[in-house]
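Residue numbering for the sequence shown is 2 to 505, as defined by this note's numbering. Note that the Cβ used here is the ideal one computed from N, Cα and C, for glycine as well.
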Amino acid sequence: VFAMTKTAKHRSVQSTNDSCVISKHSMTCRGYETDDFLHYFVSKPARRSPLINRGYYVRAKCVSRLLLKYCSFLGKQSCQIVSIGAGFDTTFFRLKSAGVLPTQCRYFEIDLALVVAKKTEVINGSSELSKLVGSPVEPGIWTDYCILNQDLCDLAGLEASLSNAKFLFSVPTLLLSECVLSYVETKHSDKLVAWTARKFQDVMFVVYEQIRPYDAFGIVMLRHFATLGSPLISLTDYPDPDALKERYRSLGYDSCECITMREFFDQLDPKESLRVRLLEPFDEFEELHEKCNHYVVSLARKGDVFHAFEPGFASQTASEKIKVSTEHQASWALCDVDASLRRFGHASVTTHNGKLLIAGGFAENGGKHHRSFAPVLVDLVNFRSELLDVDLEGRQHFTMTCLDDSNILLNGGRSSPLKAFQDDVFLTRTSEDHYVASNVAYNSAAPTPRWRHTLCSLRQDDGTLRVVLFGGRTVGVGALGDCHILDVSTMEWVEVGHGNDAPT
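Structure, rendered in structure tokens:
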């Protein structure tokens, strides 16, 4: 039963806004983007994780790019920007101070009373911010900037508030909404979208919001926001980009395109990607890709003015479906497994007797994930598992391969993006299902310590066993492209030279 009062919901929105501005501030402090105004709205700065910083960077980069192109597109024309549920967003101050906001552009923000009151107080208390907003007309309204206290579900009140602030519905307008509409009941957010399409002559709606609630990440995401008191109410009604496109077209917009943050991130200029990569240690690529796949920017257009605005905004991101010549039926079944098997960043190898050895990575413990130190041996017939009495020092993203003598070579790995393990490990079988660990002694220089690489055993025509290592990452460097071969009989590594001939 949804029993949260209106006041409680508004306080939850305020809490979400406070958390968001702290994360944005953390991102700018690490050098991802420049924002000289966020500090006015952050009373207790906090450093967020690199994963959160990158997530907010991708969001800011995509939205800022569209805003800058909008300002350039309209040039000296009269125009307007309306930020719906703006919170403590500082876009107006950044655009105005940089001199890129069109001279005939008025900027409006709409939010709840708690947010509006606090933001107005901060503006009035800062000479720098007061100078940028222009001359005061009445509380919350200046010549260049207006911040309005208005419930988005009250469209009559919204129209009256805008009209009172001298908003012109006939002037080209960009509407901006970041993580707002998904918190509003669908019947109300649909009415808002339809109202903007009906009321505005030339309008462009830029919306950043969550998508894909039905996969594992989406289910956790829904639960997370519900726990915070800010449930994603409309997400199940518009779960993916196709549904969002249809939403805006069916509610009165001429066109709509969508781009996920994963697609946008993949399109970044290589120099910008390199700059971002070097800002702070980072190795949570799977988590970043998951998050970026669950956030999207929609660009809906209506009216003649915006038909030519960014016509290929998302056309280059249309993913091609993988085509296969033959379909094969696969048989599979879900099995109940021990919690120690729920892990990632680990390595697996089939042992001499057909069992599965799983080691390292992060494993679930008490509902949380921790670095895993002990390997697990799994019987693939009955899926029973047992922990082995071996300490692998919490390695992540390493590789393993089984050798002829039933022993297992464990290569590479890291404990953090700043610390690669220097020694490889032999897991020596002492009895049927028991192993002991020892450091490997090579008879030649070993390859650079690394993680996220590949390792496999190959048998030559003469029966000699070789181990082939390729690629990976290491401290302070991007992806590696070297290849090495280990002669197991001599325990000597040889690097494979780069040739011009194509592989055969």
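For tryptophan 196, no beta strand (DSSP E) run applies; the uninterrupted alpha helix (DSSP H) run containing it begins and ends at 187-200, by DSSP. Here lysine 292 is buried, its C-beta having at least 16 other C-beta atoms within 10 Å. Separation of histidine 371 and threonine 352 (C-alpha to C-alpha, rounded to the nearest whole angstrom) is 25 Å.
Only buried fits phenylalanine 94, as 16 or more other CB atoms lie within 10 angstroms of its CB. The beta strand (DSSP E) runs of length 3 or more contained entirely in the stretch 244-327 are, from start to end of the chain, 256-261, 296-303. Take the alpha-carbon of alanine 375 and the one of leucine 389: they are about 6 Å apart.
The C-alpha of serine 256 is placed about 38 Å away from the C-alpha of aspartate 284. As the crow flies, the alpha-carbon of glutamate 264 is around 50 Å from that of serine 432. In the DSSP assignment, valine 134 falls within the alpha helix (DSSP H) that extends over 128-134.
Residue state for cysteine 63 is assigned as helix, using DSSP reduced to three classes. Excluding five sequence positions before and after phenylalanine 170, the CB atoms of its chain that fall closer than 7 Å to its own CB belong to Lys200, Phe201, Gln202, given in chain order. Taking a 10 Å sphere around the C-beta of asparagine 165, we find fewer than 16 other C-beta atoms and assign the residue as exposed. In the DSSP assignment, the residues bridged to aspartate 488 are Arg467, Glu493. Shown here, tyrosine 57 sits in a helix according to DSSP, grouped into three states.
For the set Asn18, Gly32, Ser349, the Cα lying nearest the Cα of glutamate 179 is the one of Asn18. Going by C-alpha positions, glutamate 281 is about 33 Å away from tyrosine 443. Apart from sequence neighbours up to five positions away, the residues of its chain that approach proline 46 with a beta-carbon distance below 8 Å are Ile23, His26, Ser27, Cys30, His40, ordered along the chain.
Inter-residue distance for valine 495 and leucine 381 is about 36 Å (C-alpha atoms, whole angstroms). Between the alpha carbons of threonine 455 and glycine 464 lies a gap of roughly 22 Å.
Secondary structure of phenylalanine 74 (DSSP, three-state): helix. Per DSSP, reduced to three states, the secondary structure at isoleucine 212 is coil, with no helix or strand assignment. A residue is called buried when at least 16 other Cβ atoms come within 10 angstroms of its Cβ; methionine 492 does not meet this threshold and is exposed.
For leucine 177, the closest C-alpha among the options Gly304, Tyr209, Gly355, Asp155 is that of Tyr209. When Cβ pairs closer than 8 Å are counted between the two stretches, the stretch 62-79 is seen to touch the stretch 102-118, the count reaching three or more.
With respect to the 8 Å criterion, leucine 75 and proline 173 are classified as neighbours on the basis of their beta carbons. Taking one beta carbon from each stretch, the stretch 294-310 and the stretch 325-337 have fewer than 3 pairs nearer than 8 Å; the two do not touch.
Histidine 353 carries a coil assignment under DSSP once its states are collapsed to helix, strand and coil.
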